[in-house]
Amino acid sequence: MDYALQTRNLAKNFGGFTATNNVSLNIEAGARHALIGPNGAGKTTLINLLTGFLEPTAGRVILQGEDVTRLGQHQRVKRGLARTFQINRLFADLTVLESVTMAVNERLGVGARFWKPVGAHHQAVDEAVALLDSLRLLDVAHATTRSLAYGKQRLIEIALALAMKPRVLLLDEPAAGVPTTESRELFESIAALPRDVTILLIEHDMDLVFRFADRISVLVGGALLTHGTPEVIASDPKVREVYLGEAICA
Amino acid sequence: MSLATFDLSPLRRADRWHPAELAFWLLPVAAYLVFPDNLVLLTQIAITALFCLSLDLILGYAGIVSLGHAAFFGFGAYAAGLLAANGIGDPLAGLAVAALASAALGFVTSFLVLRGSDLTRLMVTLGIAMMLYEVANKLTDLTGGVDGLQGIEMTPLLGRFSFDLYGKTAYWYAVAVLFLLFWAARRLVHSPFGLSLKGIRLNVARMPAIGAPVNARLSAIYTIGAAYAGIAGALLAQTTQFVALDVLSFNRSAELMLILVLGGSGSLYGAVIGTIVFMSAHHVLSDMNPEYWQFWLGALLVLVVLFARDGVMGSVRRLSHAAGGRRKGER
Ligand SMILES: Nc1ncnc2c1ncn2[C@@H]1O[C@H](COP(=O)(O)OP(=O)(O)OP(=O)(O)O)[C@@H](O)[C@H]1O
Ligand SMILES: [Mg+2]
């Protein structure tokens, strides 16, 4: 089996508190994998460990067969791992087009060019424009990020990750803060990504999760409770117990 | 809006020269004609503007705070001064040596400066400048210590223009170097590299997640800023044919920060205009009131920081926005 992303006995302690507890996770190449669990289960922390945003207390992270535990974030990005943040982390004073062009520049390896103007790097600009078009952001391309509503900003968050043309994409509650009508569109564009892109999705909306995912892992108290196909997860009594009162419909 | 009708010109035109900029660069000519007896002061303004530009690149664009930027200015001044005092009096060779020396110092110290928070950076830059000051103070054989470095003899610029008593050559030399380096800095801030620096200043935590090597970028701009400062120091050494120990002083670093805030950090013109305003005010106020001029400068600074955010350039931007808004409203 080909794995896009794996962890081996991954652990993270904040002081005496264990946020990630001995997690060994295998994400198959091309999977639509969902990571679910109650608030504070350690989902975001796990993403932070996978991307190198945080250093693990113990354990290893393996990206497409390569141990990347010691690599910095930008080195993992270069190897095809991109993410979005649960809470927007954007460039308030840049325009939407500038932000996305900046990201494309980095992927194309022209981010350190210091002589020709940004606008003269046609390949990057054209690609950024096409990406904004696909996310229906063209009409706000020249607006500054700070001038947009949170829901629109959320799309920039995703555009920045897509600009990396990731092999593996980690989405931390991408629809959080997006109006329901727009969140459907958002998931359509995520679902429309090429099948060979591996996606790990954190999402609280179980309808969305079960429509989207072909694999689900359940995280509770920092540890993996169980994992499997949506059918298996939906009928798992342990999961039902965790989500007491919440409807799980397969 | 569709791809076919999308207008790219706001991005494409971002680096075009505005007519007001062209007019601005006629100022040195006007100043030369209007104040022919003040060329020494005008030369100092050009040199300080270049020095301030160097701080603007690292602070205004990349967000690296420094209270020790005089380290690079002084290092460049001594490098160029020592070169000329030891028989190599060609001005441009002096600039090149100073630029390389300060760049090397900037590159090496960047690794110390880049770790840690803003407060750490303030302390590390301050500490490095203090150490350099004391080294220059101690090495009297080399630097002349508190007596200053003497015996600097410059050969004619480009083999043709000798440094005259009135300071005409010195003035045009300083203005030409300022303009060329301003032009280069202007290209830099509009380039992908410049954009990534803005990204780092606006949200440093996000940059690695879009694949940008933050420390490498910061190290690069810190090195470039140091080279710029070194060239400014070299200009001072060459045009005054003297290097005083105070090129490395804390006062010079602090004053520079003040000038940049006054003019508006994060705008290249802010650095230049801040210098013009500060040094003119300094000149006029200290003439009027030799003892208390610093009081008025202090008052000016407090007012600017409290009421005119982003300094002179911030106010200019807001005024032109307001004017633009009104014009649109009339239509
Ligand atoms: N930097 C930190 N320092 C200390 N504790 C932290 C830190 N980051 C997270 N935690 C703690 O770790 C636990 C897991 O947090 P995490 O954000 O990973 O949860 P989550 O599953 O993403 O929750 P949510 O669904 O609310 O986003 C929480 O108890 C949180 O308070
Ligand atoms: Mg979370």
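If you're matching them up, the sequences are chains A and B in order. Position 91 of the first sequence, counting from 1, maps to 79 under the working numbering, and the rest follow consecutively. Position 13 of the second sequence, counting from 1, maps to 82 under the working numbering, and the rest follow consecutively. Glycine is no exception: its CB is placed at the ideal position from the N, C-alpha and C atoms.
| So Trp94 of chain B and Phe347 of chain B are in contact, right, with Cβ under 8 Å, and what is the actual spacing, rounded? | Residue numbering aside, residue 94 of chain B sits at position 25 when the second sequence is read from its first letter. Residue numbering aside, residue 347 of chain B sits at position 278 when the second sequence is read from its first letter. Taking a contact as a CB-CB distance under 8 Å, the pair Trp94 of chain B and Phe347 of chain B does not count as one, their CB atoms being some 20 Å apart.
Discussion item. Is Lys153 of chain A near ligand 2 - that is, is its Cβ less than 8 Å away from at least one heavy atom of it?
Written reply: Position 165 of the first sequence, counted from the start, is the residue given in the question as residue 153 of chain A. Flag unset: Cβ of Lys153 of chain A not near ligand 2.
(message) Is Val160 of chain A near ligand 1 - that is, is its Cβ less than 8 Å away from at least one heavy atom of it?
(response) On the first sequence, position 172 is the one that residue 160 of chain A refers to. Sequence inspection shows Asp at residue 160 of chain A; the Val mentioned does not correspond to that position. Within the cutoff, so yes.
Quiz prompt | Rounded straight-line distance, which links the Cα of Lys153 of chain A to that of Ala392 of chain B | solution = As a position in the second sequence, residue 392 of chain B is number 323, starting the count at 1. As a position in the first sequence, residue 153 of chain A is number 165, starting the count at 1. Looking at the two C-alpha atoms, the distance is approximately 43 Å.
List, in order along the chain, the chain B residues whose C-beta lies closer than 8 Å to that of Pro81 of chain A? Here residue 81 of chain A is taken as the residue at index 93 of the first sequence, counted from 1. In the sequence as displayed, the identity of residue 81 of chain A is Asp instead of Pro. Result: Lys267 and Leu271.
*Of all the CB atoms in chain B, is at least one closer than 9 Å to the CB of Lys226 of chain A?*
For the purposes of this step, residue 226 of chain A is identified with residue 238 of the first sequence, where counting begins at 1. It does not: the Cβ of Lys226 of chain A has no partner Cβ on chain B nearer than 9 Å.
Is the beta carbon of Val312 of chain B closer than 9 Å to that of Val115 of chain B?
On the second sequence, residue 115 of chain B is found 46 positions in, with the first residue counted as 1. On the second sequence, residue 312 of chain B is found 243 positions in, with the first residue counted as 1. Checking the displayed sequence, the identity of residue 115 of chain B turns out to be Ala instead of Val. Cβ atoms of Ala115 of chain B and Val312 of chain B: not closer than 9 Å.
Measuring alpha carbon to alpha carbon, tell me which residue in B:Arg85, B:Ala139 and B:Leu77 is nearest Ser318 of chain B.
Counted from its first residue, the second sequence places residue 318 of chain B at position 249. Checking every option, the nearest Cα to that of Ser318 of chain B belongs to B:Ala139.
Check your understanding: Ends of the alpha helix (DSSP H) at Gly302 of chain B?
Key -> As a position in the second sequence, residue 302 of chain B is number 233, starting the count at 1. Annotation: the continuous alpha helix (DSSP H) that includes Gly302 of chain B extends over Val283 to Thr309.
*Measuring CA to CA, which of B:Gly280, B:Leu201 and B:Ile127 is closest to Ser179 of chain B?*
Here residue 179 of chain B refers to the residue found at position 110 of the second sequence. Answer by Cα proximity: B:Ile127.
task: Please report the residue range of the alpha helix (DSSP H) in which Lys104 of chain A lies.
output: Position 116 of the first sequence, counted from the first residue, corresponds to residue 104 of chain A. For Lys104 of chain A, no alpha helix (DSSP H) encloses it, and the DSSP letter there is neither H nor E.
Discussion item. Using a Cβ-Cβ distance cut-off of 9 Å, determine whether Gln61 of chain A contacts chain B.
Written reply: Your numbering for residue 61 of chain A matches position 73 in the first sequence. Among the residues facing chain B, Gln61 of chain A is included, as its CB has a counterpart in that chain under 9 Å away.
What is the residue span of the alpha helix (DSSP H) that Asn93 of chain A lies within? Stepping through the first sequence from its first residue, residue 93 of chain A is reached at position 105. First-last of the alpha helix (DSSP H) with Asn93 of chain A: Val84 to Leu96.
Since Arg48 of chain A meets chain B, which of its residues come closer than 8 Å, beta carbon to beta carbon?
Position 60 of the first sequence, counting from 1, holds the residue named residue 48 of chain A. Under the 8 Å cutoff, chain B gives no residues; its nearest Cβ is about 20 Å from Arg48 of chain A.
So, is the C-beta of Ile127 of chain B closer than 9 Å to a C-beta in chain A? Mapped onto the second sequence, residue 127 of chain B falls at position 58. Not closer than 9 Å to any Cβ of chain A, the Cβ of Ile127 of chain B fails to qualify, so no.
**Thr32 of chain A versus A:Ile75, A:Ser171 and A:Ile144, residue with shortest Cα-Cα distance** = The residue labelled residue 32 of chain A in the question sits at position 44 within the first sequence. When only C-alpha atoms are compared, the closest one is A:Ile75.
Any heavy atom of ligand 1 closer than 8 Å to the CB of Gln307 of chain B? Counted from its first residue, the second sequence places residue 307 of chain B at position 238. Gln307 of chain B has its Cβ no nearer than 8 Å to any heavy atom of ligand 1.
In the segment 189 to 214 of chain A, which residue ranges form an unbroken beta strand (DSSP E) of at least 3 residues, counting only runs that do not cross its ends? Fully enclosed beta strand (DSSP E) runs of 3 or longer: 203 to 208.
Helix, strand or coil at Lys0 of chain A according to DSSP, with G and I counted as helix | Here residue 0 of chain A is taken as the residue at index 12 of the first sequence, counted from 1. Correct three-state label for Lys0 of chain A: strand.
| request: Could you name the residues of the same chain whose beta carbon sits closer than 8 Å to that of Leu120 of chain A, not counting the 5 residues immediately before and after it, in chain order? | output: Position 132 of the first sequence, counted from the first residue, corresponds to residue 120 of chain A. Excluding residues within five positions, the ones whose Cβ falls inside 8 Å are Val84, Leu85, Val88, Leu126, Ala129 and Ala147.
Margin query: Is the beta carbon of Ala46 of chain A closer than 9 Å to that of Leu188 of chain A?
Written below: In the first sequence, residue 188 of chain A corresponds to position 200, counting from 1. In the first sequence, residue 46 of chain A corresponds to position 58, counting from 1. Contact: no.
Within the continuous alpha helix (DSSP H) that includes Val109 of chain B, where are the two ends? As a position in the second sequence, residue 109 of chain B is number 40, starting the count at 1. For Val109 of chain B, the uninterrupted alpha helix (DSSP H) run begins and ends at Leu108 to Leu124, by DSSP.
So is Phe102 of chain A in contact with chain B if we call contact Cβ pairs under 9 Å? Taking the first residue of the first sequence as position 1, residue 102 of chain A is located at position 114. Among the CB atoms of chain B, one or more fall inside 9 Å of the CB of Phe102 of chain A.
Tell me the residue span of the alpha helix (DSSP H) that contains Asn155 of chain B.
Mapped onto the second sequence, residue 155 of chain B falls at position 86. Segment: none, Asn155 of chain B is in no alpha helix (DSSP H) and carries neither H nor E.
*Contact list for Met194 of chain A against chain B, beta-carbon separation under 8 Å*: Looking up residue 194 of chain A in the first sequence gives position 206. Simply none; closest approach about 28 Å.
> Tell me which same chain residues have a C-beta within less than 6 Å of the C-beta of Val215 of chain B, skipping the five on either side of it?
Replying inline: Here residue 215 of chain B is taken as the residue at index 146 of the second sequence, counted from 1. Same-chain partners within the cutoff: Leu314.
Q. Hey, is Asn76 of chain A close to ligand 1, as in C-beta under 8 Å from one of its heavy atoms?
A. Along the first sequence, one-based indexing puts residue 76 of chain A at 88. No; taking the cut-off as 8 Å, the Cβ of Asn76 of chain A has no heavy atom of ligand 1 nearer than that.
For this session: For Ser87 of chain A, decide whether its Cβ has a neighbour in chain B, counting only Cβ atoms nearer than 9 Å.
Result: Stepping through the first sequence from its first residue, residue 87 of chain A is reached at position 99. Yes - at least one Cβ of chain B is within 9 Å of the one on Ser87 of chain A.
For Glu229 of chain A, count neighbouring C-beta atoms within 10 Å of its own C-beta (all shown protein chains included) and say buried if the count is 16 or more, exposed if not.
For the purposes of this step, residue 229 of chain A is taken as residue 241 along the first sequence, with counting starting at 1. Exposed.
Return yes when the C-beta of Ile293 of chain B is under 8 Å from any heavy atom of ligand 2, and no when it is not.
By one-based count along the second sequence, residue 293 of chain B stands at place 224. False, no ligand heavy atom lies under 8 Å from that Cβ.
field: chain B contact residues for Glu43 of chain A, given Cβ-Cβ distances below 8 Å
entry: The residue given as residue 43 of chain A occupies position 55 in the first sequence. Ordered by position in chain B, no residue passes the 8 Å Cβ test against Glu43 of chain A, which lies about 13 Å from the chain.
Report task. Tell me whether Asn272 of chain B is buried or exposed, calling it buried when 16 or more other Cβ atoms sit within 10 Å of its Cβ. Result -> The residue you call residue 272 of chain B lines up with position 203 of the second sequence. Asn272 of chain B is buried by the Cβ-count criterion.
Query - Contact check, Thr322 of chain B vs Thr194 of chain B, beta carbons under 9 Å - result: Along the second sequence, one-based indexing puts residue 322 of chain B at 253. Along the second sequence, one-based indexing puts residue 194 of chain B at 125. Correcting the residue identity first, residue 322 of chain B is Ser in this sequence and not Thr. A distance below 9 Å separates the beta carbons of Ser322 of chain B and Thr194 of chain B.
message = Let me check you understand the geometry: is the CB of Ile190 of chain A closer than 8 Å to at least one non-hydrogen atom of ligand 1?
response = As a first step, residue 190 of chain A must be located in the first sequence, where it is residue number 202. Yes, Cβ of Ile190 of chain A sits closer than 8 Å to a heavy atom of ligand 1.
| message | Using only the alpha-carbon positions, how far apart do Thr214 of chain A and Ile221 of chain A sit? | response | For the purposes of this step, residue 214 of chain A is taken as the residue at position 226 of the first sequence. For the purposes of this step, residue 221 of chain A is taken as the residue at position 233 of the first sequence. Taking the straight line from one Cα to the other gives about 8 Å.
(request) Please list, in chain order, all residues of the same chain as Asn10 of chain A whose beta carbon is under 7 Å from its beta carbon, the five residues on each side excluded. (result) As a working mapping, residue 10 of chain A is identified with position 22 in the first sequence. The answer, listed in chain order, is Asn(-3), Ala(-1) and Ala211.
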